[in-house]
Amino acid sequence: MEILRLAAFCDGPSGGNPAGVVVGEMLPSVADMQRLAAEVGYSETVFAAPEGDGWRVRYFSPEEEVAFCGHATIALGSVLAKRAGEGAFQLELNSGRISVEVGREGGVTLTSPPTRSAAADPVLIDAALDLFRLKPCDLDPALPPAIAHAGNDHLILALRDRATLAEMSYDLSDGAGLMRQSGLTTINLLWVEAPRRFHSRNAFAVGGVLEDPATGAAAAALSGYLRDIGWPHQGGIDIVQGEDMGATSLLRAEIGQSRGEGIRVSGATRIIEG
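Residues 10 to 283 in my numbering are what the sequence shown spells out, letter by letter.
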């Protein structure tokens with residue numbers, strides 16, 4: 010079974026988030042998919058097999074199955090385009106259908122599952138602040154803490170300054186416990202450079218990963234939240250992620266006007282050699 014390795018949302022020849030990609034005539038067993046994801050060791054490995062007019066797709070972190078993964082979807086789109094040519098591909102997830110498309114210049118765009126958001130519970134906010142050794146005064150009041158959803162749940166915590174974001178640290182085991190207890194896939198710490206430009210660090214402890222250098226699912230969830238609160242996004246935002254890991258990644262999100270509709274998230278890919 011061939012396992013391809015690509016980085017998604019890369020910045021030219023560097024950066025991006027590595028993903029394993031396995032495309033076959035049928036999906037392996039759940040046990041085999043979990044085993045392979047653990048062996049690959051990336052934050053996610055995506056598995057795809059033809060089904061009807063599209064592809065049946067499942068995502069696995071080294072620790073457990075994940076409902077939706079943006080960077081692995083971008084990597085999968087690039088692989089499918091090399092097999093079948095540019096165009097749109099329909100992907101059937103455990104929870105519904107999404108799509109990924111590849112243009113003539115090789116850029117890849119996914120359309121996320123539907124979005125929704127709600128204010129975060131104060132008890133959860135306090136627990137997250139304790140986890141990252143932050144204080145309430147570190148939060149940016151312009152973007153209140155929220156639970157944002159686009160296929161899975163993400164806690165959004167916006168910080169007042171870039172230096173505080175750069176200092177992000179936490180205990181992996183404690184983070185995994187909090188995220189499992191709260192049903193979170195990531196905790197997304199942000200700094201707002203400008204209304205349409207964000208810097209992000211994403212804790213993915215529940216998947217056994219301290220931090221992701223690029224998280225398309227969280228980008229979609231954040232974008233849906235911004236739409237819900239009337240943020241001046243003017244139809245799209247740019248997210249810079251992975252800087253503090255030495256793996257700068259670039260994500261572009263297009264935000265439609267209809268509340269709840271999926272978000273288009275775009276990025277470049279590169280093959281990881283060896």
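Ideal Cβ placement from N, Cα and C applies to all residues, glycine included.
Between L198 and L174, the C-beta spacing is below 7 Å. The beta carbons of S87 and V55 sit no closer together than 7 Å. With respect to N26, F77 sits apart: the two C-beta atoms are not nearer than 7 Å. Inter-residue distance for N103 and D41 is about 17 Å (C-alpha atoms, whole angstroms).
Under the DSSP assignment, V88 falls in the alpha helix (DSSP H) whose first and last residues are 79 to 93.
In this structure the segment 260 to 273 touches the segment 228 to 238; the number of beta carbon pairs closer than 8 Å is three or more.
Per DSSP, A136 is one residue of the alpha helix (DSSP H) stretching across 131 to 140.
Along the segment 182 to 232, the beta strand (DSSP E) occurs as fully enclosed runs of 3 or more residues at 195 to 203, 206 to 213, 218 to 221, listed in sequence order. Out of P145, P123, F141, the CA that lies nearest to the CA of L231 is found in P123. Boundaries of the alpha helix (DSSP H) around D41: 39 to 49. As a beta-bridge residue in DSSP terms, F69 pairs with T54, E74. In the structure shown, the three-state DSSP call for E176 is coil.
The segment 107 to 114 makes contact with the segment 88 to 97, as at least three CB pairs between them are under 8 Å. Using a Cβ distance threshold of 7 Å, A84 and A47 do not count as a contacting pair. By the Cβ test, the segment 239 to 253 is not in contact with the segment 67 to 82, since fewer than three Cβ pairs between them sit closer than 8 Å.
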